[in-house]
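Here the sequence shown stands for residues 765 to 1026, numbered as in the numbering used here.
Here the structure comes first, spelled out in structure tokens, and everything after it is commentary.
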Amino acid sequence: MRKLGWALLAVFLLGGALSAWQVGFRPPDEYDDDAPIPPDANEKTEWAFARLKYPSIWRRRWRGGSWTTDYPRADRQFVQGVRRLSRVHACSAERVIDLSTDEIFYWPWVYAVEVGQWDLGEAEAARLREYLLRGGFLMVDDFHGTYEWQTFMASMRRVFPDRPVVDIDDKDPIFHVIYDLDERFQVPGVQYLYSGRLYERDGIEPKWRGIYDDKGRIMVAICHNMDLGDAWEWADDPRYPERFASLAYRIGVNYIVYAMTH
């Protein structure tokens, strides 16, 4: 049964990847023209950074809404780190996954930013629920404090009204699949360079939380009161502390490998 399970997982990942690559790289309307498209953006690889596009309570903010925060620079910077720090064959260009379509089912790992601003309707919630229960993995990041947590949970309860959000235990494989992440600390956004504060709003304490399926697999990895996306984006800036960027990259790599093997 274990061999059969791994075989089915391989079929899921390979089938999804092949289907996705038939689409190829398509910059959305909100694409930042100042960021050049890598020449190998359509290379066939085993993994690509999949950024979730979702409806926001502030639909006009930053042109495309909150989902565009740090896009596409954080994605590109992080991909370079994945290439250096792991053997994952990663594509140089991200993919934007529209939750209003079935495209999400092609991707084993999906990233959503600023989820303290998202506003999922019943159709989007149902699609995301099906994706996660079929083996998908969602990483959420860059939202802070009580109000944004409540906004995040208002939509997440539409996705999973009966599944609890829990703190991820330090012994969970997600913290050890590549790097041992026993010593974690708050990763601030670029605002730290100007404010000197690690936190935003009332989000003083960093939280690594998750939603599990019936077999004990993390489906949703929640990075609350931290900003890993900024740490990826600003990793090459000498003003941004290396220890924050290093932890952000290690967390991201662990989550990718966990998503593709569990």
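Every residue, glycine too, gets a C-beta built ideally from N, C-alpha and C.
Assigned with DSSP and collapsed to three states, tyrosine 963 falls in coil, not helix or strand. Taken through DSSP and simplified to helix, strand or coil, tryptophan 822 comes out as coil. Unbroken alpha helix (DSSP H) stretches of 4 residues or longer found wholly inside the segment 898 to 932: 909 to 923, given in chain order.
Between the alpha carbons of leucine 892 and isoleucine 1015 lies a gap of roughly 23 Å.
Non-local beta-carbon contacts of glutamate 888 in its own chain, meaning distances under 6 Å to residues more than five positions away in sequence, involve Leu863 in chain order. Shortest Cα-Cα distance from aspartate 1000 to any of Val860, Asn989, Val874, Tyr1013 involves Tyr1013. DSSP lists Ile861 as the beta-bridge partner residues of leucine 816. Annotated three-state conformation of isoleucine 801 is coil, per DSSP.
By the 16-neighbour rule on beta-carbons within 10 angstroms, histidine 908 is buried. When the alpha-carbon of glycine 885 is set against those of Gly899, Met917, Gly953, the nearest one is in Met917. Rounded to whole angstroms, the gap between the alpha carbons of aspartate 866 and arginine 1007 is 38 Å. For methionine 983, the enclosing beta strand (DSSP E) begins and ends at 982 to 988.
The secondary-structure analysis by DSSP pairs lysine 935 with nothing; it has no beta-bridge partner.
Collapsing the DSSP output to three states places alanine 854 in a strand.
Spanning the alpha carbons of arginine 898 and threonine 1025 requires a straight line of approximately 14 Å. Cβ neighbours of aspartate 934 within its own chain (closer than 7 Å, five residues either side excluded): Asp946. The beta carbon of tryptophan 873 sits closer than 6 Å to the beta carbons of Phe901, Ile1020, Ala1023 from its chain, once the five residues preceding and following it are set aside; these are given in chain order. Taking a cut-off of 8 Å for Cβ pairs, the segment 942 to 957 and the segment 922 to 929 do not touch, as fewer than three such pairs fall below it. Note on geometry: alpha-carbon atoms of asparagine 1018 and cysteine 987 lie some 13 Å from one another. Counting along the chain, arginine 837 sits inside the alpha helix (DSSP H) bounded by residues 837 to 849. With the rule of 3 Cβ pairs closer than 8 Å, the segment 802 to 819 does not count as touching the segment 972 to 991.
If you draw a straight line from the Cα of glutamate 969 to the Cα of alanine 995, it comes to about 17 Å.
Residue state for glycine 885 is assigned as coil, using DSSP reduced to three classes. Residues of the same chain with a CB within less than 6 Å of the CB of arginine 859, apart from the 5 flanking positions on each side, are Ala812, Ala814 in chain order.
For tyrosine 870, the secondary structure class from DSSP, reduced to helix, strand or coil, is helix. Collapsing the DSSP output to three states places valine 1017 in a helix. Ranked by Cα distance from glutamate 997, the options Tyr958, Ser830, Asp834, Lys808 are led by Asp834.
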